[in-house]
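Shown next, in structure tokens, is the structure this report addresses.
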Amino acid sequence: MASTRCVYCDATLQPNSMFCLECGQLIPQSAKPPVPAQFSPGASPAAAAPQQKAPTAVSAVEPVPLPGTLPWQQRGTAQPEAPAAEPAAAVEVRPHLTRAELVFSTGQRVRISGNAVIGRKPAQTAQATGAQAIEVEDDTRSMSRVHLFLELNDGVLVVGDAGSSNGSGVQRDGVLVPLESGGTKVEVGPGDTVWVGDVNFVIHAA
């Protein structure tokens, strides 16, 4: 029988010795180092294989919008409906006038069917332009001799200041808009009030 040697100091051991006489260390029953259980004879392959951790469930992650991405552009989000368009504002349509009646604050009533000139003494200017002369009584003399031009063409009535001294204006819905002296003519219609100095007249369809 071959002699056994100490695994600690390599000294020769006596048969069936429990400890080494040289170093005093306890002698294991087998000189061979212990073999791990998973590699011992008869161990199952499953025991030898290293254990693998079960996959961890991945929780749902909320999508992060990219820079410049609107919230409704993210996946799974419905696009908001476009706001309903506001109705277009109603456009005022003035009636087609073939004739008009002017009712003055002095009590005069005059009908026109074409061009006319209003003032204290408009006859000469009206004759030169082929227009109808409308002479208005004005005790305060706030009206000029030739104060206002009227033009009724193609169903549209316009008025323009003739360069008067005290000015003219158009009043509509409680708002008075001055006319430019000797300037651009303005369209008027039934219900409008036109001021010539301190005198005014209301337009009616005739």
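Counted from 1, the sequence shown has number 102 at position 112 by my numbering; the numbering is strictly sequential. From the three backbone atoms N, C-alpha and C, an ideal C-beta is built for every residue, glycine too. Quick caveat: nothing in here was measured; it's all calculated off a predicted structure.
Taking just the CA atoms, how far does residue j sit from residue i?
| i | j | result |
| --- | --- | --- |
| E91 | D163 | 19 Å |
| T2 | G14 | 12 Å |
| Q4 | T(-6) | 7 Å |
| L169 | W185 | 10 Å |
| D151 | V178 | 13 Å |
| R110 | Q161 | 22 Å |
| G159 | T183 | 8 Å |
| D188 | T174 | 21 Å |
| V176 | L87 | 15 Å |
For residue i, does the three-state DSSP call read helix, strand or coil?
| i | result |
| --- | --- |
| A1 | coil |
| Q15 | coil |
| T115 | helix |
| D129 | coil |
| R(-5) | strand |
| A106 | strand |
| A152 | coil |
| L87 | coil |
Which first and last residues belong to the beta strand (DSSP E) in which residue i is found?
| i | result |
| --- | --- |
| Q161 | S158 to R162 |
| A195 | V189 to A195 |
| L169 | Premise fails: L169 is in no beta strand (DSSP E) and is neither H nor E. |
| F9 | Run containing F9: none; DSSP gives neither H nor E here. |
| D182 | Looking at the DSSP string, D182 is not in any beta strand (DSSP E), and its letter there is neither H nor E. |
| L142 | L138 to N143 |
| G197 | Look at the range of the chain in this structure, -9 to 196, and you will see that residue 197 is not part of it. |
The alpha helix (DSSP H) that contains residue i, what's its start and end?
| i | result |
| --- | --- |
| Q98 | Where Q98 is concerned, there is no enclosing alpha helix (DSSP H), given that its DSSP letter is neither H nor E. |
Any idea if residue i is buried or exposed, counting beta-carbon neighbours within 10 angstroms, 16 or more meaning buried?
| i | result |
| --- | --- |
| S155 | exposed |
| M133 | buried |
| F94 | buried |
| H137 | buried |
| R166 | Residue identity check: residue 166 is Leu in the sequence provided, not Arg. So L166 ends up on the exposed side. |
| Q114 | exposed |
| G181 | exposed |
| G153 | exposed |
| K116 | Per the sequence shown, residue 116 should be read as Ala rather than Lys. Buried. |
| F9 | exposed |
**Request:** Report yes or no: do the region 116 to 125 and the region 147 to 157 share at least 3 C-beta pairs separated by less than 8 Å?
**Result:** A contact between stretches requires three or more CB pairs, one per stretch, nearer than 8 Å, and the region 116 to 125 fails this requirement with the region 147 to 157.
**Message:** Counting beta carbon pairs with one atom in the region 129 to 144 and one in the region 93 to 107, are three or more of them shorter than 8 Å?
**Reply:** Flag = yes, the region 93 to 107 and the region 129 to 144 touch.
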